[in-house]
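Take a look at the structure set out below.
In UniProt numbering, the protein residues as written are 1 to 297.
Right, here's the structure in full:
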């Protein structure tokens, strides 16, 4: 039986969102029931998602989400990949602030069946949970790409900004992490930063029509960055959770100390309601990703 997945994404900047979407479109066990977008210029992000879906020969319901964070902020990230929209067929009729209604309806029509995959900052998810407090219990599971969970990384990387999905809207992250979901699993930089791939390491990665679209929209990112498969890991573990090892515990999100905004503190507990990935099998992940993306086309 296929798993019903609802993707919330800030696609259009870092290429990993597009790599994640390509995986879901290619995964034969996935029924992608919808996509919602978050971040600045959410309408353009929705257009990018639609263009990638159409490159895969698929039509997926898409709703543009919140354009701003819960608390006022000067941050307004824009999707550099949108400059390539003219290269691809896509719908242009998206309107922002439609994601919550779309997610709410989809989840209520499929109670206890939806796997919600959140790979952008958590504003849409927080607004959904606040608007309809019954929704979290109606989910099957929630996978989130966020957090660090490593003292070494916190010391060596540009923190907390590198923890983007929590740092950009810590209040939203706090809402989501203070809400109980049947299965709540987080994939942080402690594991995802092990999944770095240089573009020339896998020469045929972008050889299919779908992956050509991913490469085109990701080309602004690739000009100065390698690929780190943050978001695809959270997606892949919906279908093969044994790619990672996990710990169970509790998570608190910092919302008061300015220099630590969005940072997450994990406490291991046998009765905890949050799972975090603590190890990833790099070879197994990339074998899995390549197999899905290239054998489905």
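The beta carbon of each residue, even a glycine, is placed where N, CA and C say it ideally should be.
Remember, predicted model here, so these are calculated numbers, not experimental data.
Simplified DSSP state of residue i, which is helix, strand or coil
i: residue 125; result: helix
i: residue 227; result: strand
i: residue 159; result: coil
i: residue 169; result: coil
i: residue 31; result: strand
i: residue 192; result: helix
i: residue 142; result: strand
i: residue 117; result: strand
i: residue 24; result: helix
i: residue 8; result: strand
i: residue 44; result: helix
i: residue 285; result: helix
i: residue 3; result: strand
i: residue 187; result: strand
i: residue 181; result: coil
i: residue 176; result: helix
i: residue 148; result: coil
i: residue 197; result: strand
Separation of residue j from residue i, as counted between CA atoms
i: residue 260; j: residue 266; result: 15 angstroms
i: residue 268; j: residue 275; result: 9 angstroms
i: residue 67; j: residue 279; result: 34 angstroms
i: residue 216; j: residue 81; result: 8 angstroms
i: residue 289; j: residue 101; result: 32 angstroms
i: residue 72; j: residue 124; result: 15 angstroms
i: residue 203; j: residue 287; result: 15 angstroms
i: residue 127; j: residue 118; result: 13 angstroms
i: residue 245; j: residue 187; result: 11 angstroms
i: residue 219; j: residue 271; result: 44 angstroms
i: residue 205; j: residue 98; result: 34 angstroms
i: residue 44; j: residue 79; result: 7 angstroms
i: residue 201; j: residue 227; result: 10 angstroms
i: residue 159; j: residue 167; result: 9 angstroms
i: residue 105; j: residue 157; result: 40 angstroms
i: residue 299; j: residue 93; result: Look at the range of the chain in this structure, 1 to 297, and you will see that residue 299 is not part of it.
i: residue 207; j: residue 83; result: 22 angstroms
i: residue 2; j: residue 32; result: 9 angstroms
i: residue 195; j: residue 14; result: 14 angstroms
i: residue 282; j: residue 143; result: 19 angstroms
i: residue 232; j: residue 180; result: 24 angstroms
i: residue 318; j: residue 120; result: This structure gives no information on residue 318, because the portion of the chain shown stretches from 1 to 297.
i: residue 298; j: residue 9; result: This structure does not reach residue 298, given that the chain is present from 1 up to 297, and the question cannot be answered.
i: residue 223; j: residue 133; result: 43 angstroms
i: residue 40; j: residue 96; result: 10 angstroms
i: residue 355; j: residue 294; result: There is no way to answer for residue 355, as the model of the chain reaches only from 1 to 297.
i: residue 154; j: residue 257; result: 15 angstroms
i: residue 46; j: residue 129; result: 22 angstroms
i: residue 89; j: residue 131; result: 34 angstroms
CB-CB length for residue i against residue j, believed under 8 angstroms
i: residue 62; j: residue 85; result: Going by Cβ atoms, the distance from residue 62 to residue 85 rounds to 14 angstroms, so no, they are not a contact pair.
i: residue 190; j: residue 148; result: 6 angstroms
i: residue 230; j: residue 192; result: 4 angstroms
i: residue 7; j: residue 214; result: So it is not a contact: roughly 14 angstroms between Cβ atoms.
i: residue 65; j: residue 38; result: 5 angstroms
i: residue 292; j: residue 76; result: Between residue 76 and residue 292 the Cβ distance is about 34 angstroms, and since that is not below 8 angstroms, they are no contact.
i: residue 169; j: residue 70; result: 6 angstroms
i: residue 51; j: residue 210; result: Going by Cβ atoms, the distance from residue 51 to residue 210 rounds to 11 angstroms, so no, they are not a contact pair.
i: residue 182; j: residue 141; result: 6 angstroms
i: residue 145; j: residue 165; result: 6 angstroms
i: residue 60; j: residue 34; result: 7 angstroms
Cutoff 8 angstroms: residue i Cβ touching any chain D Cβ
i: residue 18; result: Looking at the structure shown, chain D is missing, and only one protein chain is on hand.
(request) Kindly provide the ranges of any beta strand (DSSP E) runs that are 3 or more residues long and lie completely inside the segment 229 to 278, ordered along the chain. (result) For the segment 229 to 278, whole beta strand (DSSP E) runs of length 3 or above, ordered along the chain, are 244 to 253 and 264 to 268.
(message) Under 8 angstroms: do the segment 132 to 147 and the segment 111 to 119 share three or more Cβ pairs, one atom per stretch?
(response) yes
(request) Report yes or no: do the segment 244 to 259 and the segment 172 to 187 share at least 3 C-beta pairs separated by less than 8 angstroms? (result) yes
(request) Enumerate, from N- to C-terminal direction, the unbroken beta strand (DSSP E) stretches of 3 or more residues contained entirely within the segment 49 to 112. (result) 62 to 64
(message) Three Cβ pairs or more, each shorter than 8 angstroms: is that satisfied between the segment 16 to 30 and the segment 233 to 245?
(response) yes
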